[in-house]
Amino acid sequence: MISSFSLPLSSSLSSESICNSCSSNKSHKLPFALSTLVPKGPLDIIFSDVWTSPVISVDGFKYYVIFVDHFTRYSWLYPLKTKSQVAQIFPIFKSLVKNRFKAKIITLYSDNGGEFIALRQYLASQGIFHLTTPPHTPEHNDLAKRRHRHIVETGLALLSHTCIPTTYWIYSFAAAVYLINRLTTPNLAHKSPYQLLFQTVLNYTKLRIFCCFFYPWLQPYGHNKFSPKFTPCVFLGYYLTQSAFLCLDVATSQIYVSRHVKFHESVFPFVTLAKQSSSPPPMFSPSEMVSASISHVFHWPLALDPCPAPSPATIPPIQTTTDSSPVTPPSPPASPIIPPASHVYVVSPYIPQADSPAYVTLVSPVIAAPPNLSTHPITTRSQNNIFKPNPKYGLTAILKEIEPESHTQALKDKRWHRAMSDEYDAFAANDMF
1 MISSFSLPLS SSLSSESICN SCSSNKSHKL PFALSTLVPK GPLDIIFSDV WTSPVISVDG
61 FKYYVIFVDH FTRYSWLYPL KTKSQVAQIF PIFKSLVKNR FKAKIITLYS DNGGEFIALR
121 QYLASQGIFH LTTPPHTPEH NDLAKRRHRH IVETGLALLS HTCIPTTYWI YSFAAAVYLI
181 NRLTTPNLAH KSPYQLLFQT VLNYTKLRIF CCFFYPWLQP YGHNKFSPKF TPCVFLGYYL
241 TQSAFLCLDV ATSQIYVSRH VKFHESVFPF VTLAKQSSSP PPMFSPSEMV SASISHVFHW
301 PLALDPCPAP SPATIPPIQT TTDSSPVTPP SPPASPIIPP ASHVYVVSPY IPQADSPAYV
361 TLVSPVIAAP PNLSTHPITT RSQNNIFKPN PKYGLTAILK EIEPESHTQA LKDKRWHRAM
421 SDEYDAFAAN DMF
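Put into structure tokens, the structure is as follows:
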């Protein structure tokens, strides 16, 4: 172009020079070459990183740390309440893998976070080489970062599909790690990380759908021998140190561990709750909303098989009356037929104790009173269940409504609570704060 248009060429451009303006405004990160870290066996190189959740879990966890084996790609996840707990978790993890696999950790690769810098003295005493990423270069810790992405995306997909509250994210992420370790990948010659690390063939029959409905056997936690043997729960994951499952009792938000379970993998209680209450009131937490609507989801009692209803020929139809309508005595039947008692199972509210699980308490069956079988022409009040009121109740008086003396008493009344909320909204709307 210069020769075609006879453009003038400065002598300073012919020699190599550095343009400060271009360097200060067009600089970017340099490309990355292939990693030179090549592990020779399991646990040679461990990549680690900490992830922060925007929501605190039901157990009070806000972080989790992962340890990824470079050779097998197997991952370990530990929930954390504070980042400083990494200094306590890593020695436990090191002892676990050393005793289990008879191998030593040679290199730990992490970023320069304070939780990992605090481990330097311990790592030096154990002969573990600590590699860290350069400042603002998380790409060097790419194995842990990619595993974070895989875990978070899988866990969020489980949360979204099952409509479970986000406060249970730690159980969703733990289930995601459990599945990722058992998924085959072309990077490992179509083998799973679990198969490479444990050198065993997996049994996939144990896998279950996350957050589905099932019945765990919780009879040992019952109050007495009449307590239900099974309690409706939601599947929260696998117990890693036992051949058992994690069971969430949605009515009480308690979590149990049980091996004896009966799955219904086509039913998702939280999905049903989300459909029934598309816009829950803001004053209630997810657990309170779940507890309030649990009876509509599980249709209590589920496991009960009440006595079969007698045939219509033997039981006359029952007429429902209200307080405002007059009570008319039933006419005596033509033949003295005594209908069997109809059993109505009533679910009473249950307050869970610290040492007992939640279950449905059955109140004594309500037995319908048999009709009057007397054929005497004179009908008395007692024969129609009409009794004179007790005179001692006539001395009682209806107390006037007491005006609350403090905001604590006022908040217990729904009307005062509503009035306080309206007044607060009015102040906020008029910008009077």
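Per my numbering, the sequence shown starts with residue 1, numbered consecutively.
All C-beta atoms, glycine included, are put in the ideal place defined by N, C-alpha and C.
State the beta-bridge partners of TRP76 as determined by DSSP. DSSP lists PHE67 as the beta-bridge partner residues of TRP76.
Is ALA103 helix, strand or coil by DSSP? coil
How is the beta strand (DSSP E) around LEU248 delimited, first residue to last? 244-249
LEU77 versus LYS40 - alpha carbon distance: 23 Å
Would you call CYS19 buried or exposed, if buried means 16 or more other Cβ atoms sit within 10 Å of its Cβ? exposed
Taking all protein chains shown into account, do 16 or more other C-beta atoms lie within 10 angstroms of the C-beta of CYS458, making it buried, or fewer, making it exposed? Examination of residue 458 is not possible in this model, given that the chain is present from 1 through 433 alone.
Could you tell me the distance, in whole angstroms, from the CA atom of LYS145 to the CA atom of LYS191? 22 Å
Exposure label - TYR204; buried when at least 16 CB within 10 Å: exposed
Here's the rule: buried if 16 or more other CB atoms are within 10 angstroms of the residue's CB, otherwise exposed. What is THR162? buried
Alpha-carbon spacing of LYS102 relative to SER48, whole angstroms: Cα-Cα distance, rounded: 21 Å.
What are the residues that DSSP puts in a beta bridge with THR200? Bridge partners of THR200: none, in fact.
Under 8 Å between C-beta atoms of LEU119 and VAL68: no
Determine which residues share a DSSP beta bridge with VAL97 and list them. In the DSSP output, where bridge partners are listed per residue, VAL97 has none listed.
Give me, in chain order, the residues of the same chain whose beta-carbon lies closer than 8 Å to that of SER291; leave out the 5 immediate sequence neighbours on both sides. Its pLDDT being 41, under 50, SER291 is placed unreliably in this model, and the value from its coordinates should be taken loosely. Here the set comprises VAL250, ALA251, THR252 and SER253.
Please state whether DSSP places PRO216 in a helix, a strand or coil. strand
Delimiting residues of the beta strand (DSSP E) encompassing SER48: Counting along the chain, the beta strand (DSSP E) containing SER48 begins and ends at 45-52.
Residue span of the alpha helix (DSSP H) that contains ILE18, given as start and end: Per DSSP, ILE18 belongs to no alpha helix (DSSP H) and is neither H nor E.
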